[in-house]
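Encoded as structure tokens, the structure appears first; notes follow it.
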Amino acid sequence: MSLGRILALARKETIQIWRDPRSLAVVLLMPMMLMALLGYGIGLDQTNVPLCVYDREGSQLSQDLLKSFVSNRYFSLKLDAGNYPELIDAIDGGQCTVGVVIPLYFSKLLGAGQPATVQAIIDATDNNTANLIIGYTQAVVARFSAGVQLDYQQRNGPLLGAPALSVDARTWFNEDLESRNFIVPGVVALVMAVIGTFLTSLTIAREWERGTMEQLVSTPVTPLEIIAGKLIPYFVIGMADALSCAAISVWWFEVPLRGSYLLLFAASSIFLAGVLLLGFLISAYAKTQLAASQFALLTTFLPAFLLSGFAFPIDQMPMAVRMVTRIFPARYYVTALKGIFLKGAGIRPLATDMMAMAIFAIVVGAAAACCFRKRLD
Amino acid sequence: MFARIWQFVVKEFIQVWRDPRTRFSLIVPPIIQVIIFGYAANFDVHHVRTAVLDQDHSLESRELISRFVASGYFRIEDVLDHRAQIVDLIDRGQVTLAIDILPGFAERMRKRGEASVQVILDGTNSNTALIALGYINQIAQRYQQDYQRDFLNRIAPVAARRFPQVLLQERPWFNRNLEDRMFFVPGTIGSVMMVMVMTLTAFAIVREREIGTLEQIMVTPIRPVEFILGKTIPYMLIALFELAVISTVGVLWFEVPLRGSPVILLAASLLFIAGLLGTGLLISTMSNTQQQAMVVSFFFIQPAITLSGFGFPISSMPPVLQWLTYADPLRYYLVVLRSTFLKGVGLDLLWPQFAGMAIFAAVTLTAAALRFSKTLD
Numbered sequence: 001m002s003l004g005r006i007l008a009l010a011r012k013e014t015i016q017i018w019r020d021p022r023s024l025a026v027v028l029l030m031p032m033m034l035m036a037l038l039g040y041g042i043g044l045d046q047t048n049v050p051l052c053v054y055d056r057e058g059s060q061l062s063q064d065l066l067k068s069f070v071s072n073r074y075f076s077l078k079l080d081a082g083n084y085p086e087l088i089d090a091i092d093g094g095q096c097t098v099g100v101v102i103p104l105y106f107s108k109l110l111g112a113g114q115p116a117t118v119q120a121i122i123d124a125t126d127n128n129t130a131n132l133i134i135g136y137t138q139a140v141v142a143r144f145s146a147g148v149q150l151d152y153q154q155r156n157g158p159l160l161g162a163p164a165l166s167v168d169a170r171t172w173f174n175e176d177l178e179s180r181n182f183i184v185p186g187v188v189a190l191v192m193a194v195i196g197t198f199l200t201s202l203t204i205a206r207e208w209e210r211g212t213m214e215q216l217v218s219t220p221v222t223p224l225e226i227i228a229g230k231l232i233p234y235f236v237i238g239m240a241d242a243l244s245c246a247a248i249s250v251w252w253f254e255v256p257l258r259g260s261y262l263l264l265f266a267a268s269s270i271f272l273a274g275v276l277l278l279g280f281l282i283s284a285y286a287k288t289q290l291a292a293s294q295f296a297l298l299t300t301f302l303p304a305f306l307l308s309g310f311a312f313p314i315d316q317m318p319m320a321v322r323m324v325t326r327i328f329p330a331r332y333y334v335t336a337l338k339g340i341f342l343k344g345a346g347i348r349p350l351a352t353d354m355m356a357m358a359i360f361a362i363v364v365g366a367a368a369a370c371c372f373r374k375r376l377d
Numbered sequence: 378m379f380a381r382i383w384q385f386v387v388k389e390f391i392q393v394w395r396d397p398r399t400r401f402s403l404i405v406p407p408i409i410q411v412i413i414f415g416y417a418a419n420f421d422v423h424h425v426r427t428a429v430l431d432q433d434h435s436l437e438s439r440e441l442i443s444r445f446v447a448s449g450y451f452r453i454e455d456v457l458d459h460r461a462q463i464v465d466l467i468d469r470g471q472v473t474l475a476i477d478i479l480p481g482f483a484e485r486m487r488k489r490g491e492a493s494v495q496v497i498l499d500g501t502n503s504n505t506a507l508i509a510l511g512y513i514n515q516i517a518q519r520y521q522q523d524y525q526r527d528f529l530n531r532i533a534p535v536a537a538r539r540f541p542q543v544l545l546q547e548r549p550w551f552n553r554n555l556e557d558r559m560f561f562v563p564g565t566i567g568s569v570m571m572v573m574v575m576t577l578t579a580f581a582i583v584r585e586r587e588i589g590t591l592e593q594i595m596v597t598p599i600r601p602v603e604f605i606l607g608k609t610i611p612y613m614l615i616a617l618f619e620l621a622v623i624s625t626v627g628v629l630w631f632e633v634p635l636r637g638s639p640v641i642l643l644a645a646s647l648l649f650i651a652g653l654l655g656t657g658l659l660i661s662t663m664s665n666t667q668q669q670a671m672v673v674s675f676f677f678i679q680p681a682i683t684l685s686g687f688g689f690p691i692s693s694m695p696p697v698l699q700w701l702t703y704a705d706p707l708r709y710y711l712v713v714l715r716s717t718f719l720k721g722v723g724l725d726l727l728w729p730q731f732a733g734m735a736i737f738a739a740v741t742l743t744a745a746a747l748r749f750s751k752t753l754d
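Those protein sequence lines, which keep their order, are chains C and H.
For the first sequence, the numbering used here assigns the number 1 to the initial residue and increments by one for each residue that follows.
For the second sequence, the numbering used here assigns the number 378 to the initial residue and increments by one for each residue that follows.
Written out as structure tokens, the structure is:
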């Protein structure tokens, strides 16, 4: 292993990258684009849900209930339907996501001390949104119901007081439950996975395709030196991207970075080494750039997007899929990122994740060196 | 002219089919993607890992806890003895949620005072936290109402019969059990189609350029329009084949109902694929190397999926991004997919989506043809 040869190779690779400014620009702009898109584009919380109402009674009380829907920031009234088919059309056509129907005799029933049922029809095509809307609707109705009960008791003489049970919720790490704080740290992983594997696998596959790899092999460099020399420039690019991602999250999106920068740097470099080596392995295995890009897509982008816990919680996946997530390093990196950013976690709780990433890098690195040597023969 | 196009189509098919790895990548990765997307893309909140600290040890506190367990949303992982354990468990990410019932809870409930349950949530995943909090509030409210009802029944059975109450009856339409799969599987069909078609076509022309066969084609009497048609028709057929494969997996494996007409689905898919082919070819004509084509098409795919409403509701994006979504063909296609699969609505409601996709396809195909005739000169 000679440092001089590695550096020479790294220099050659840097010149090659430098010669294609368009790709370089794309690579350096990618973090910004992904950050802006995912940081702003992924909001899972809902406000101003389009609401349509059909008030079959039209009494003071029923209007009061509708008012408490509208005065709430979660709903915005789109349509006051005059009949049932109108309401159904609005939901079928997607103009409204939720339709509230107040029955006939609504205020009469309540006035007589009877329960009255309000119907909420929800477009559950997007069931996550539907779930949130059901929660909001229930909260509005429950509050209204409590008011009606209080009124009734005051009018009909002091009945017996009711206990008030409240939930005193404290949210840690992401106090305002901002989905941005939850999404943005994970984007770093997405960017690095894409850059790491896509770029390396394609550049090296290109050397094979064009036959320049044979020229390289005929020089005295050893396989390990080739791997190291080729990967150093991409490692630098990847770390630059990680840095700009972190800067955007902290300064632009104001995601708190509660942990140590050093730990962030360490976790990022271990992860980056792993994905770069994976890119090398793919390109050593796949013959063409087309095949390499397909493999890279399957083994890095999809796992980083779907199986990392970046947006979709891992503990809700079926057992078999959960086992699959353990193979890919993105999962550990996202855990580490969220821990460092939001929880301010130190090295101890993250040790297993770091270990897992390191093991991945070592295994893939060994496989890459092995595979590469075989191709040389 | 038709003969020339036909010859070209035959040539493309031979080219795609000759390489066993490409052949493999046409069939296996899409199926893997659908299955992984179908299982992993999931916002369901079930069995949230929960720790319980019951400092009251009363009938009431036990009843409340058993209601949490019975709801199915929470899984009790730990029963704790003192508060310090909560901090540790949540810090390490062992549990997402801790329920803390303070001493004197039953006393307060019995005296009709203000009782409260303390809940500590890990807000790192804001979506899970938000939905779990909704469930907790519902359970607490129901418990309080039942408690009051019981009490009245014992003390004053006559008065208990008169208890005004507004009940909410939720009707989630189109996805009665609020299953995430119903929402994500149709979306997956669109996303996987997009990834497949784009990566295939983005390489279509640039590969010929890199290998040098493009010059050979240029010296033949073929015209740009014929060239573009010859390039698109095979990929169109491949994409339709993919559609059939993934939809079959969706209907048979994930048991998503197909309530609408398959003809509408086919028509929409043709328009969508045409738009993708246009974009892919446009990228291909603009790139010098396959690596560039890959990077640029990734630059298109990632925003297109994020902004399509695939997993993240468009209505909660900022206005600028909402405008951008109108330029995203996947946005229109997903509406058609979900409406035909889940709602079964017809063309009378879906025509704006068709118009959107038709415009997109017309623009990109024309641009690709123009761009290509320019590169010929």
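Ideal Cβ positions, reconstructed from N, Cα and C, are used throughout, including at glycine.
{"query": "By the three-class DSSP mapping on this structure, what secondary structure does H:PRO480 have?", "result": "coil"}
{"query": "Of all the residues that make up the region 384-405 of chain H, which are near chain C by a beta-carbon distance shorter than 8 Å?", "result": "ASP396, ARG398, THR399 and SER402"}
{"query": "Can you give me the C-alpha to C-alpha distance between H:ASN504 and C:ILE133, rounded to a whole angstrom?", "result": "13 Å"}
{"query": "May I have the straight-line CA-CA distance separating C:ALA291 from C:LEU38, to the nearest angstrom?", "result": "28 Å"}
{"query": "Roughly how many whole angstroms lie between the Cα atoms of H:HIS423 and C:ILE183?", "result": "21 Å"}
{"query": "With a cut-off of 8 Å, does the C-beta of C:GLY58 fall near any C-beta of chain H?", "result": "no"}
{"query": "Using CA coordinates, which residue listed in H:PRO680, H:ARG636, H:PHE675 and H:SER692 is at the minimum distance from H:VAL722?", "result": "H:ARG636"}
{"query": "Just to confirm before moving on: does the CB-CB distance between H:LEU727 and H:PRO563 stay below 8 Å?", "result": "no"}
{"query": "Between C:SER23 and chain H, is any beta-carbon pair separated by less than 8 Å?", "result": "yes"}
{"query": "What residues match up with C:VAL101 in a beta bridge as DSSP calls it?", "result": "C:TYR54 and C:GLN119"}
{"query": "Can you find a C-beta in chain H that's less than 8 Å from the C-beta of C:LYS230?", "result": "no"}
{"query": "With distances taken Cα to Cα, identify the nearest neighbour of H:GLN730 among H:ASN514, H:PRO696, H:THR399 and H:ALA644.", "result": "H:ALA644"}
{"query": "C:ASP80 to C:SER62, Cα distance in whole Å?", "result": "13 Å"}
{"query": "Let me make sure I understand the geometry here. Which of H:ARG708, H:ARG748 and H:ALA428 has the alpha-carbon closest to that of H:ALA732?", "result": "H:ARG708"}
{"query": "Determine the contact status of H:LEU430 and H:ARG460, defining contact as a CB-CB distance below 8 Å.", "result": "yes"}
{"query": "Please classify C:PHE75: does DSSP put it in a helix, a strand, or coil?", "result": "strand"}
{"query": "How many angstroms separate the CA atom of H:ILE599 from the CA atom of H:THR590?", "result": "14 Å"}
{"query": "Do C:LYS343 and C:PRO185 have their C-beta atoms closer together than 8 Å?", "result": "no"}
{"query": "Which chain H residues are close to C:ASP92, counting only those with a beta carbon under 8 Å from its beta carbon?", "result": "LYS720, VAL722 and LEU726"}
{"query": "Looking only at its chain, what residues have a beta carbon closer than 7 Å to the beta carbon of C:PHE253, apart from the 5 residues adjacent to it on each side?", "result": "GLY39, ARG180 and VAL184"}
{"query": "Between the region 298-313 of chain C and the region 323-335 of chain C, do three or more beta carbon pairs fall short of 8 Å?", "result": "yes"}
{"query": "Per DSSP, which residues does C:SER283 bridge with? Please list them.", "result": "DSSP lists no partner for C:SER283."}
{"query": "Helix or strand or just coil, what does DSSP make of C:GLN46?", "result": "coil"}
{"query": "Quick check: the region 609-621 of chain H against the region 654-664 of chain H, are at least 3 beta-carbon pairs closer than 8 Å?", "result": "yes"}
{"query": "Can you tell me the Cβ-Cβ gap for H:MET663 and H:ARG748, rounded? I've got them flagged as a contact below 8 Å.", "result": "7 Å"}
{"query": "For C:ASN83, does the count of other Cβ atoms within 10 angstroms reach 16, so buried, or fall short, so exposed?", "result": "exposed"}
{"query": "For C:MET355, count neighbouring Cβ atoms within 10 angstroms of its own Cβ and tell me buried if that reaches 16, exposed if not.", "result": "exposed"}
{"query": "Could you pull the start and end residues of the alpha helix (DSSP H) that H:THR578 belongs to?", "result": "557-588"}
{"query": "On the premise that C:LEU34 lies in contact with C:VAL191, defined as a C-beta separation below 8 Å, what is that separation, rounded to the nearest angstrom?", "result": "6 Å"}
{"query": "Are the beta-carbon atoms belonging to C:ALA189 and C:PHE312 less than 8 Å from one another?", "result": "no"}
{"query": "Checking the sheet assignment: what are the DSSP bridge partners for H:ARG519?", "result": "Bridge partners of H:ARG519: none, in fact."}
{"query": "Name, please, each residue of chain C whose Cβ falls closer than 8 Å to the Cβ of H:ARG469.", "result": "PRO349"}
{"query": "Is any beta-carbon of chain C found at less than 8 Å from that of H:LEU684?", "result": "yes"}
{"query": "Do you know offhand how far C:ALA369's Cα is from H:MET671's?", "result": "26 Å"}
{"query": "Check whether the Cβ atoms of C:GLU13 and C:PRO233 lie closer than 8 Å to each other.", "result": "yes"}
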